[in-house]
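Some notes on the structure that comes next.
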Amino acid sequence: MTQRVELAAVMDRLAVDGLLTDYAVAVDDGDWTAYRDLFTPDGRADYRSAGGIEGDAGSVASWLAENLRLFAMRQHLIVNRRVRFGILEQDAGDTARVQADYVNPMRFAAQENGSPPGEPDFVCGGRYSFSLLRTHDGWRVREVAVQEKWRRMSG
Numbered sequence: 736m737t738q739r740v741e742l743a744a745v746m747d748r749l750a751v752d753g754l755l756t757d758y759a760v761a762v763d764d765g766d767w768t769a770y771r772d773l774f775t776p777d778g779r780a781d782y783r784s785a786g787g788i789e790g791d792a793g794s795v796a797s798w799l800a801e802n803l804r805l806f807a808m809r810q811h812l813i814v815n816r817r818v819r820f821g822i823l824e825q826d827a828g829d830t831a832r833v834q835a836d837y838v839n840p841m842r843f844a845a846q847e848n849g850s851p852p853g854e855p856d857f858v859c860g861g862r863y864s865f866s867l868l869r870t871h872d873g874w875r876v877r878e879v880a881v882q883e884k885w886r887r888m889s890g
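Under this note's numbering, the first residue of the sequence shown is numbered 736, with each subsequent residue one higher.
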């Protein structure tokens with residue numbers, strides 16, 4: 736492998752890492768325009784294992800916007816990222832598959848007893864499976880599926 740190929744692979748891994756970070760920040764900040772912009776035009780998301788919906792990125796963003804209003808605080812931590820680059824139309828590195836674990840603590844918007852917010856009320860974890868595509872605008876999400884493995888509510 737030449738140094739040029741190795742450098743390109745490192746740059747792609749950094750770009751993919753940045754895309755996953757942008758994904759987590761968009762959801763945590765409720766920036767649904769940024770969320771939609773992370774996807775290809777035909778991009779889809781599947782949150783059914785976590786009690787959500789499956790559909791095109793725009794529909795899922797609208798659903799998330801409505802349902803995540805319940806939580807005043809959200810903080811995705813996406814870790815253990817495994818990236819595998821694929822081939823599209825004979826060009827290596829134009830697709831990628833990423834599996835990454837997540838932990839997501841959240842706090843409900845209103846405390847029932849009126850006390851100030853404390854520890855998160857709800858914490859869940861699982862694994863994301865991303866299918867990515869290199870576009871003229873950089874790496875974008877073609878598909879993301881959530882496999883929730885556990886959840887805990889305080890109380």
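No residue lacks a Cβ here, since even glycine has one placed at the ideal position from N, Cα and C.
If you're wondering where the values come from, they're calculated on a predicted model, not measured in any experiment.
Residues near residue i by beta carbon distance below 8 Å, same chain, minus five either side
i      : result
Arg887 : Phe857, Val858, Cys859
Strand pairing of residue i, partner residues [DSSP]
i      : result
Gly861 : Tyr837, Glu883
Gly873 : Thr870
Contact under 9 Å by Cβ, residue i with residue j
i      : j      : result
Arg804 : Ala759 : no
Arg869 : Asp772 : no
Val876 : Leu754 : yes
Pro840 : Arg816 : no
Phe806 : Ala835 : no
Simplified DSSP state of residue i, which is helix, strand or coil
i      : result
Ser794 : helix
Asp766 : coil
Ser889 : coil
Ala757 : What sits at residue 757 in the sequence shown is Asp, not Ala. Here Asp757 sits in helix by DSSP.
Leu868 : strand
Leu749 : helix
Asp772 : helix
Ala844 : coil
Nonlocal neighbours in the same chain, by C-beta distance under 6 Å from residue i, ignoring five residues either side
i      : result
Asp781 : Glu789, Ala880
Leu799 : none
Trp767 : Ala796, Ala800
Gln882 : Ser784, Gly861, Arg862
Leu812 : Val838
Ala769 : Ala761
Cut-off 7 Å between Cβ atoms - residues of its own chain near residue i, not counting five sequence neighbours on either side
i      : result
Gly787 : Trp798
Val818 : Arg748, Val751, Ala831, Val833
Phe774 : Ala792, Arg875, Val876
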